Amino acid sequence: MHDSEVAVCRLSHRPGRDDRMTTHVGLTARALGADRVVFPDNA
Numbered sequence: 000m001h002d003s004e005v006a007v008c009r010l011s012h013r014p015g016r017d018d019r020m021t022t023h024v025g026l027t028a029r030a031l032g033a034d035r036v037v038f039p040d041n042a
């Protein structure tokens, strides 16, 4: 069986302004078993 990676992509990230939401996304992703959270520069 293949091991797959689960990643959460946080769109519309505004550095310095969305700290609380970013924390919630990270904690929720971790609680649901995600392997990583991605913050695209151009999203």
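The numbering of the sequence shown is numbering that gives the first Met the number 0, which starts it at 0 and goes up by one.
Every residue, glycine too, gets a C-beta built ideally from N, C-alpha and C.
It should be emphasised that the depicted structure is a prediction, and the values quoted were computed from it without experimental measurement.
Boundaries cannot be given for V5, as no beta strand (DSSP E) includes it and DSSP labels it neither H nor E. Here A6 is exposed. Its C-beta has fewer than 16 other C-beta atoms within 10 Å. With a threshold of 16 other beta carbon atoms within 10 Å, A30 falls short and is exposed.
If you look at R19, you'll find it in the alpha helix (DSSP H) that goes 18 to 30.
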